[in-house]
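S.K.:
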Amino acid sequence: MAQRPLRRREDHPRRHPAERAARGVLVDPEEVGFLLRQVFPGKYADFQDNPAWRPLVAELAVRCHRENDGGPVIVPMTLLRRDYAAEIHHAIRAAGVPLRHLLLHADPDTVRARIDAGAEFPGDEERSEKVRVFRRGELPRYTEAYRGWLAAAADVIDTARRTPRQVADRALEVLGALPGRAPRPREESA
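Read in the working numbering, the sequence shown has 78 at position 70, and its numbers run on one by one without any break.
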C-alpha cells in the first residue's frame with residue numbers, strides 16, 4: 009500500500025488557527041490513522057473504526073497539551089459517530105485537559121463544491137479522486153450527524169461565506185484567544 013507522506017507542520021493546510029492561538033500546536037489525527045493503516049493494511053476501510061485509533065488520538069492530544077505546557081492543542085477531525093466522539097472527548101477530559109469542540113460547518117452544496125475542487129495529492133489525480141469519492145460518500149453521514157447530535161454538541165462556525173482567515177478569527181473569538189475577549193461559555197457535551 010502506498011504511504012502518504014507526512015506533511016511538514018509549516019505546510020499543513022489547517023495550520024493557520026494554531027499559529028495564531030497563543031502557544032497553540034496542531035495535532036492531526038489522520039496521521040495516527042495513516043500509521044495504523046500501515047500496521048493493519050486493509051483491515052479497516054475507515055481508520056476511525058480501528059479500536060486503537062480513538063485512545064491513541066486522545067492520548068496524543070493529552071500528551072501534546074502537557075508537552076505544550078498546558079497551551080492549546082488544535083485537533084482538526086470530523087467525527088461522525090457520537091460514540092467515537094464521546095470516547096475521545098471523555099478520555100481527554102478524564103485526563104484533566106480542557107476541551108472545546110468547534111465544528112466548522114457548511115451547507116452540503118458548499119461542502120460538495122469544496123470536495124470537488126480539492127486535490128489532496130497534487131500531481132496524483134487518481135489518489136486525489138479516491139479521497140474525493142470517500143468524502144462525497146461521507147456527506148450524507150455528516151448531514152445526518154449534524155442534524156442528529158453534532159450541531160448541539162459543538163460550537164458551530166458556519167464557513168460557507170467566510171474566508172479561511174475569517175473562520176480562524178471566529179474560532180479564536182469563540183475560544184477567547186483574541187486580545188480582550190473571554191471565551192464564550194459552553195455546556196459540557198459529547
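The C-beta atom is built at its ideal place from N, Cα and C for all residues, glycine as well.
Figure out for me which residue from His113, Arg135, Glu95, Leu147 has the closest Cα to the Cα of Arg120.
M.R.: Leu147
S.K.: Between which residues of its own chain and Arg153 is the CB-CB distance below 8 Å, once the five residues before and five after are set aside?
M.R.: The amino acid occupying residue 153 in the given sequence is Ala; Arg does not appear at that position. Leu88, Arg89, Arg90.
S.K.: Please name the residue in Leu43, Pro80, Gly104, Ala127 whose C-alpha comes closest to that of Arg142.
M.R.: The residue asked about is misnamed: residue 142 is Phe in this sequence, not Arg. Considering only alpha carbons, the answer is Ala127.
S.K.: Counting Cβ pairs, one atom from each stretch, are 3 or more of them under 8 Å apart for the segment 43-62 and the segment 71-79?
M.R.: no
S.K.: Taking all protein chains shown into account, do 16 or more other C-beta atoms lie within 10 angstroms of the C-beta of Asp19, making it buried, or fewer, making it exposed?
M.R.: In this prediction, Asp19 has a pLDDT of 45, which is less than 50 and means its spatial position is unreliable; what the coordinates show is noted afterwards. Exposed.
S.K.: Which residue wins for smallest C-alpha separation from Arg140, given the options Thr151, Ala125, Leu110, Arg149?
M.R.: Ranking the options by Cα distance to Arg140, first place goes to Ala125.
S.K.: Give the list of continuous alpha helix (DSSP H) stretches no shorter than 4 residues that lie fully inside the segment 86-161.
M.R.: 90-102, 116-125, 133-153
S.K.: Indicate the three-state DSSP secondary structure (helix, strand or coil) for Asp163 in the structure shown.
M.R.: strand
S.K.: For Glu196, is the classification buried or exposed, using 16 other Cβ atoms within 10 angstroms of its Cβ as the cut-off for buried?
M.R.: Its pLDDT being 42, under 50, Glu196 is placed unreliably in this model, and the coordinates cannot settle the point.
S.K.: Sorted by chain position, which residues of the same chain lie with C-beta nearer than 7 Å to Pro21's C-beta, five sequence neighbours on each side aside?
M.R.: Unreliable positioning characterises Pro21 in this predicted model, as indicated by a pLDDT of 48, which lies under 50. The coordinate reading is nonetheless provided below. Counting only Cβ-Cβ distances below 7 Å, and skipping sequence neighbours, we find nothing.
S.K.: By a C-beta neighbour count over all protein chains shown, 10 Å radius and 16 as the cutoff for buried, is Arg173 buried or exposed?
M.R.: exposed
S.K.: Can you find the residues in the same chain that come closer than 8 Å, C-beta to C-beta, to Asp166, ignoring five residues on each side of it along the sequence?
M.R.: His113, Ala114
S.K.: According to DSSP, is Val47 helix, strand or coil?
M.R.: helix
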